[in-house]
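Taking it in order: structure first as structure tokens, then the write-up.
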Amino acid sequence: MGMIISPTRELSSQIYHVAQPFISTLPDVKSVLLVGGVEVKADVKKIEEEGANLLIGTPGRLYDIMERMDVLDFRNLEILVLDEADRLLDMGFQKQISYIISRLPKLRRTGLFSATQTEAVEELSKAGLRNPVRVEVRAESKSHHVSASSQQLASSKTPLGLHLEYLECEPDEKPSQLVDLLIKNKSKKIIIYFMTCACVDYWGVVLPRLAVLKSLSLIPLHGKMKQVGC
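Residues 19 to 248 in our numbering are what the sequence shown lists, from first letter to last.
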């Protein structure tokens, strides 16, 4: 048995569908996607009727199934994958992850993948991994005239090929600068981050009403919006 845990149902769904061509070549592997948006009872019924030995899902749904319903035997689990471990912890899934790990056999192979190496991720690796081997992928710095510490910091934070820019302006100039940025880059895909869900709701109404942005498709998105089943 194997288990792949990722922080969001969108990412879990992506992993599940990308994995299907490979899983289809393995006659003894039956995968199941376990995420929110579907009744827990429906997931349990599917597992009971069809069986599953590869679970792909979010920590919340896996936690619910493991805590409330004894439908899966994890004694034979051999592989655990924690994808985007830093986000798993940033999003507050420490309790669920700890519980899930406590239910799994200690003699297993665990893969922990993280974009950043935080103290929380380090603690998780100590608790969830035995005899860990660390593999770090860094971007090579283009400049040879920076200190070793600066080069290490830059390479660990900014991937090669990622171009960063910032703009300084007065607070009351931010809306006009944002609109100008959208107009100049209207042929590109853009993600705008706001501080709160309320800000997303506000600008999600205001921006589409501006005449200069009528040609753009603007879609507000935040965690408090009602989710529709997959």
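Built from N, CA and C at the ideal position, the CB exists for glycine as well.
- When the five nearest sequence neighbours on each side are left out, the beta carbons in the same chain lying within less than 8 angstroms of the beta carbon of residue 117 are those of 81, 84 and 85, in order along the chain.
- In this structure residue 42 is not in contact with residue 72, their Cβ atoms being roughly 12 angstroms apart against a cut-off of 8 angstroms.
- By the C-beta criterion, the stretch 114 to 128 is judged to be in contact with the stretch 88 to 101, since at least 3 inter-stretch pairs fall below 8 angstroms.
- DSSP places residue 90 outside both helix and strand once states are collapsed to three, so it counts as coil.
- The residue among 183, 225, 32 and 212 with its C-alpha nearest the C-alpha of residue 197 is 225.
- In this structure the stretch 108 to 117 does not lie against the stretch 55 to 62, because fewer than three pairs of beta carbons, one per stretch, are closer than 8 angstroms.
- If you draw a 10 Å sphere on the C-beta of residue 114, you find 16 or more other C-beta atoms in it, and that means buried.
- Counting along the chain, residue 129 sits inside no alpha helix (DSSP H); it lies in the beta strand (DSSP E) bounded by residues 127 to 130.
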